[in-house]
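Each remark here refers to the structure printed beneath this line.
Numbering (mature numbering (1 follows the signal peptide of the UniProt record, and there is no 0)), first residue to last: -18 to -1, 1 to 472.
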């Protein structure tokens, strides 16, 4: 929903001194809205469009009078009928937002078009939005771009910053145009230079991610700060992340806490989750499980994947391990299921383990398989490793060594020590693959380097069946594999 930008100091200014219009301006400047209202009402009754519009503004904002959208609309309509572009624009906003009248996009379009034709940059920009998102008209990106560019060309903060931001967004997402990060950055910079917080935030994202420009954390921090200081919640969250992980700045948990809290207090789910993490693990603050749970639950209650799935996962973990609460598997499962339903792979993996081991539920290998597979197919290494085990031992599925090998390998290549150990064991036994002591030694050696219990023993048993040359080869392969971050090690 849009808000009218209605500042009497700007909207009723006049070059002449001593006129009724100037008297309204001076009264408003002193905060004497009652006098401003009296003068404006007198002039409005004479048919002065500027005064009619001013009365609309005062009723809309509740300045010198109780806020009254119906009364605001009445005066805006009188001024609009005389061709006042600002009044026409204001009517468009009220119809679009449903303020003082039933929401009516078609009527909003009508008033925006009248104001846009008179050169109102705000109306041109909002008309672009209507075409952009198909509000009251068939969605038409070309028409949206046309109106955005007309507004942007006016070069004033009145409407051009919003339009420049929207044009940047169209290029950023490739909406109606070929995706072009360089062009998006150009338009975002124009809007950001006018102080637009959303554009400043967008630039921060682009520099942080290296979209259309070389990745530059310091530059990202600069833009996030500009937006964050204007109260832009998403920028405050991202700035918190930068301090949390030391990206572009010296790591500073206290500073991260500060920005997370500002964003969290505005309802930013990711910030609420991250604030919970800070309290949960005592980063930048004394560890406080109750406070962690409070912020996790605020994020979880938002019901969107934006931050709630992570928070639901964390709440599940607190109940599962009894961290700050009495251990409660049933409650843990409840929260894991909420996160898993949003596609969170770790929550799906955790559910698999609960069914696998019968924690808070009757042991059910088939159900464990189901959840492991969902997580494994998203690339979760722990789930891939556990899915390999299910195939290896025929739990909830027909025993299948080849399938076990497949999932162990996927997890092993992500550095999962258990999968590496099991992969080595299968090479040693020749299960699902030809027996190969060299590969058995390599994988168990890698697992042993990660302190996996039993891996060193299997490696040493394999070594007893190998020549010195084979052992040296396996050791070199392990070093090479580590250098390749476990990828394509065969």
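Here a beta-carbon is modelled for each residue, glycine too, at the ideal position from N, C-alpha and C.
Backbone CA spacing between residue 485 and residue 181 [nearest angstrom]: The question about residue 485 has no answer here: the residues shown for the chain are numbered -18 through 472.
Tell me which same chain residues have a C-beta within less than 7 Å of the C-beta of residue 83, skipping the five on either side of it? 55, 76, 77
To the nearest angstrom, how far is the alpha carbon of residue 387 from that of residue 414? 7 Å
In three-state terms, what does DSSP make of residue 38? helix
Does the region 320 to 329 come into contact with the region 302 to 312, if we say contact requires no fewer than three beta-carbon pairs (one atom in each stretch) closer than 8 Å? no
Beta-carbon proximity of residue 199 to residue 230, cut-off 8 Å: yes
Exposed or buried, residue 175, counting other C-beta atoms within 10 Å across all chains shown (16 or more means buried)? exposed
With a floor of 4 residues, list each alpha helix (DSSP H) that falls wholly inside the region 30 to 96, ordered by position along the chain. 31 to 43, 51 to 62, 67 to 79
C-beta atoms of residue 334 and residue 368 nearer than 8 Å: yes
Determine the direct distance from the alpha carbon of residue 246 to that of residue 111, and round the result to whole angstroms. 29 Å
Kindly provide the ranges of any alpha helix (DSSP H) runs that are 4 or more residues long and lie completely inside the region 376 to 414, ordered along the chain. 383 to 394, 399 to 411
Anyone know if the C-beta pair for residue 389 and residue 358 falls short of 8 Å? yes
Close Cβ partners of residue 472 (< 8 Å) along its chain, the five nearest in sequence each way excluded: 421
I'd like to know whether the C-beta atoms of residue 370 and residue 350 end up nearer to each other than 8 Å. no
Specify the secondary structure class of residue 352 as computed by DSSP and reduced to three states. helix
Can you tell me whether residue 448 is helix, strand or coil according to DSSP? coil
Minimum length 4: unbroken alpha helix (DSSP H) runs contained in the region 192 to 216: 199 to 210
Give the straight-line distance between the Cα atoms of residue 202 and residue 261, rounded to the nearest whole angstrom. 26 Å
Where does residue 476 land, buried or exposed, given buried means 16+ other C-beta within 10 angstroms? Lying outside -18 to 472, the shown extent of the chain, residue 476 is not represented and no answer is given.
Buried or exposed: where does residue 308 fall if 16 or more other Cβ atoms within 10 Å of its Cβ makes it buried? exposed
Contact with chain B by residue 116, beta-carbon distance below 8 Å: No chain B is part of this structure, which consists of one protein chain only.
Just curious, the alpha helix (DSSP H) that residue 416 is in, first and last residue? Per DSSP, residue 416 belongs to no alpha helix (DSSP H) and is neither H nor E.
Runs of alpha helix (DSSP H) lying entirely within the region 423 to 467, each at least 4 residues, in chain order: 437 to 445, 450 to 465
In the structure shown, what three-state DSSP assignment does residue 331 receive? helix
Do residue 463 and residue 408 have their beta-carbon atoms positioned less than 8 Å apart in this structure? no
Span of the alpha helix (DSSP H) holding residue 274? 271 to 282
State the Cα-Cα distance for the pair residue 266 and residue 242, rounded to the nearest angstrom. 12 Å
Residue range of the alpha helix (DSSP H) that residue 229 falls in? Unbroken run through residue 229: none, as it is neither H nor E.
State the CB to CB distance for the pair residue 485 and residue 183, rounded to an integer number of angstroms; the pair is presumed to be in contact (CB under 8 Å). Here the chain comprises residues numbered -18 to 472, so residue 485 is not present and cannot be evaluated.
Please classify residue 46 as buried or exposed, where buried requires at least 16 other C-beta atoms within 10 Å of its C-beta. buried
Can you tell which of 71, 95, 44 has its C-alpha closest to the C-alpha of residue 13? 44
Confirm, please, whether the CB-CB distance from residue 31 to residue 67 is below 8 Å. no
Could you check the C-alpha separation between residue 418 and residue 361 for me, to the nearest Å? 27 Å
Rounded to the nearest angstrom, what separates residue 431 and residue 339 at their Cα positions? 28 Å
Buried/exposed call for residue 220, threshold 16 Cβ in 10 Å: buried
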